[in-house]
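Worksheet for the structure shown next.
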Amino acid sequence: MVVMSGAKALVEALRREKVEVIFGLPGGAIMPVYDVLYDSDIRHVLVRHEQCAAHAAEGYARASGRPGICMATSGPGATNLVTGITDAYMDSVPVVAFTGQVPTFMVGRDAFQEADIIGITAPITKHNYQVRRPEDIPYVVKEAFYIATTGRPGPVLVDLPRDTQVGEADIEFPEKVSIRGYKPQTTPHPLQVKKAAEMLVRAEKPLILAGGGVIISGASKELVELAEYLLIPVSTTLMGKGCFPENHPLSLGMMGMHGTTASNKAVLEADLILAVGVRFSDRTTGKFDEFAPKAKIIHVDIDPAEIGKNIPVDVPIVGDAKTTLRKILDAVKSLKEDRVKETPWAQRVAELKREFEEYAEKMCQGEGLKPPKLMKLMRELLPPKAIVTTEVGQNQMWAALYFKAYHPRTFISSGGLGTMGFGFPASIGAKAAAPDVPVVDIAGDGSFLMTQQELACSVSENIPVTVVILNNSMLGMVAQWQRLFFDRRYASTNLGEIPNFVQLAKSYGAEGYRVDDYDEFTSAFRDSMKNEVTTVIDVPISPEENVFPMVPAGRSFREMIV
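Going by this note's numbering, the first residue of the sequence shown is number 1, and it counts up by one from there.
So, in structure tokens, the structure goes:
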């Protein structure tokens, strides 16, 4: 034991958790911690809005596989974190958020900059704490990191009253923690594994649906091996994009509302679906009771609450994706010693892929700059392990459809919450995690404007990324729905040609380009890879551009618009 303040205990506990970067913005109630951080080796990245601290922590976590850390003061600082924390909760991202709080004797008295952040975040965190004694800080930090990173990952919030930070006590740092009642099940039941293997071997038209859980557990190698052994095509959710290389012959791309025609048609024909690390969200399945009408379903997930929640399943398997896929593969090999060479289903899948590739080529044609072609161009210009983040809206779906991801943790997007403004701060977090890898944010003008102030952060903190703005001067996805379903009544979706993004970027000390053809785009994009500061590329596209394919909300895949 050693006598130290709560603030010193916190920073030492973070050091012991091997924290390298914190994204945050200081204020009165968290100043004691920042004073200790001043002399620490931990890097602090000063964001310009606390929401962006949370999103940057998400980007860091998703690019690195390590927990992302964000920090804010009490009251508005803490509440500004809420959107990012909710986003992390929906997408199972390990984030640990620290907030300052008024002194314990003032809690509940409506003190200056007081907010009940524990009550506010209870529904959107895996767990949260308000630490009342300095000596409890090391135990709480150890538990917070353990909870955030084990089982189904998610955000944990630690609220620190000011007197807890400045008070001194005998401090002890635990080596490990054990939390009563919290024992995530990672090993699947052997009987369920056997059932799954038997069904996979017997199936004539099997399909794998892979989600974010495959990436979280590091199960991509096992997924590829199983798919290749039985010649099973693989579709992914938005969160699973990159877990299976999209240049692989068995890859069908993303499934869902804006999924590829290959994925959405294949699921209608499949007789068996092995769903791994997915939660069967409405954006992935379309109309629940018409999803995969001919298929038996095996569902593998580490969170038992997700199994059977939206889609009835025939074989539920609770377990870690990597462990479970390995055991299923071993069981399959014991039942079928030889690898499958060719099947009529594989031929059908190849036909569906060709249809979509021809469709994608058509979507690249026409006057003006076409987003699908821009996605293909960026893929050609970027190295295989470059990291792409996206904003939310049409830009996100164009990227999901037409930008092929080859490796896990290289495509980072806001899935469950669909948070506009996510992509740019997430790209800063991803670049902080992987400074030697190019990081590109594929943005829309409306979404980028929500967090563009982080240009100041990226420049001052020397975290250079590239932002490609698909600029249609509209809230593009809302406008598309208004075109299709609201008789072209563009209610409050026209943003106008404000601002001038080149001048905006340069006003922050970043680089800015506006391009009018594919050659100019290629030149600007190549320059951005060499620039030592963040580069914003303004790409004008038609406000009438739609992102297709599309399944209307609440409809089945049979009603896909192409």
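Glycine included, C-beta positions come from ideal geometry on N, C-alpha and C.
These figures come from a predicted structure and were not determined experimentally.
### Message
DSSP three-state label for residue 563, please.
### Response
The requested residue 563 is not part of the displayed model; the chain covers only 1 to 562.
### Message
Tell me the residue span of the alpha helix (DSSP H) that contains residue 146.
### Response
137-149
### Whole-Å CB distance - residue 455 paired with residue 505, under 8 angstroms assumed
6 angstroms
### Query
Given that a residue counts as buried once 16 or more other Cβ atoms are within 10 Å of its Cβ, and exposed if not, what is residue 72?
buried
#### Entry: Beta-bridge partners of residue 161, as assigned by DSSP
101
### Task
Would you kindly work out how many angstroms separate the C-alpha atoms of residue 305 and residue 297, rounded to a whole number?
16 angstroms
### Query
Is DSSP giving residue 296 helix, strand or coil here?
strand
### Query
How long is the line joining the alpha carbons of residue 16 and residue 396, rounded to whole angstroms?
37 angstroms
### Task
Determine the direct distance from the alpha carbon of residue 324 to that of residue 576, and round the result to whole angstroms.
No information on residue 576 is available, as it lies outside the stretch 1 to 562 that the chain covers here.
### residue 510 in three-state terms, based on DSSP
coil
### Message
At 3 residues or longer, what runs of the beta strand (DSSP E) sit wholly inside the stretch 186-218?
### Response
206-210
### Query
Given a threshold of 16 other Cβ atoms within 10 Å of its Cβ, counted over all protein chains shown, does residue 368 qualify as buried or as exposed?
exposed
### Task
Sort 168, 143, 494 and 398 by Cα distance to residue 257 and report the nearest one.
398
### Task
Below 6 angstroms CB to CB, which residues in the same chain sit around residue 275 once its five sequence neighbours on both sides are set aside?
209 and 299
### Task
Report the rounded CA-to-CA distance for residue 385 versus residue 114, giving the unit in angstroms.
44 angstroms
### Task
Would you give the residue range spanned by the alpha helix (DSSP H) that residue 405 belongs to?
No alpha helix (DSSP H) holds residue 405; DSSP gives it neither H nor E.
### Query
Do you know whose CA, among 173, 331 and 119, lies nearest residue 199's CA?
331
### Query
Excluding sequence positions up to five away, which residues of its chain have a Cβ less than 6 angstroms from the Cβ of residue 461?
45
### Cut-off 7 angstroms between Cβ atoms - residues of its own chain near residue 145, not counting five sequence neighbours on either side
17, 67 and 96
### Query
Helix, strand or coil for residue 603 per DSSP?
Missing from the structure shown is residue 603; the chain here goes from 1 to 562 and no further.
### Query
If you drop the 5 nearest sequence neighbours on each side, which residues of the same chain put their C-beta closer than 6 angstroms to that of residue 124?
85, 86 and 89
### Message
Please tell me whether residue 201 and residue 158 are closer than 8 angstroms, where the distance is taken between their beta carbons.
### Response
no
### Task
Report yes if the C-beta distance between residue 91 and residue 509 is below 8 angstroms; otherwise report no.
no
### Query
Just curious, the alpha helix (DSSP H) that residue 518 is in, first and last residue?
518-530
#### Entry: Contacting residues, own chain, Cβ-Cβ under 7 angstroms from residue 489 (five flanking each side not counted)
482
### Message
Could you tell me the alpha carbon to alpha carbon distance between residue 56 and residue 83, rounded to whole angstroms?
### Response
12 angstroms
### Query
Is it the case that the Cβ atoms of residue 567 and residue 392 are separated by a distance below 8 angstroms?
Because residue 567 is not part of the residues shown, which for the chain are 1 to 562, the question remains open.
### Query
In the stretch 534-562, which residue ranges form an unbroken alpha helix (DSSP H) of at least 4 residues, counting only runs that do not cross its ends?
none
#### Entry: Helix, strand or coil at residue 130 [DSSP, three-state]
strand
#### Entry: Three CB pairs or more closer than 8 angstroms across the stretch 182-190 and the stretch 236-253
no
### Task
Take residue 148 and list the residues in its own chain whose beta-carbon comes closer than 6 angstroms to its own, dropping the five residues that flank it on each side.
67, 94, 96 and 156
#### Entry: 6 angstroms CB neighbourhood of residue 4 in its chain, flanking five on each side removed
171
### Message
Assuming contact is defined by CB atoms lying nearer than 8 angstroms, are residue 179 and residue 10 in contact in what I supplied?
### Response
no
### Message
What residue range does the alpha helix (DSSP H) around residue 479 cover?
### Response
476-485
### Query
Okay, do the stretch 430-447 and the stretch 355-364 touch, 3+ Cβ pairs below 8 angstroms being the bar?
no
### Query
Taking residue 534 as the reference, which of 507, 519, 445 and 547 has the closest Cα?
507
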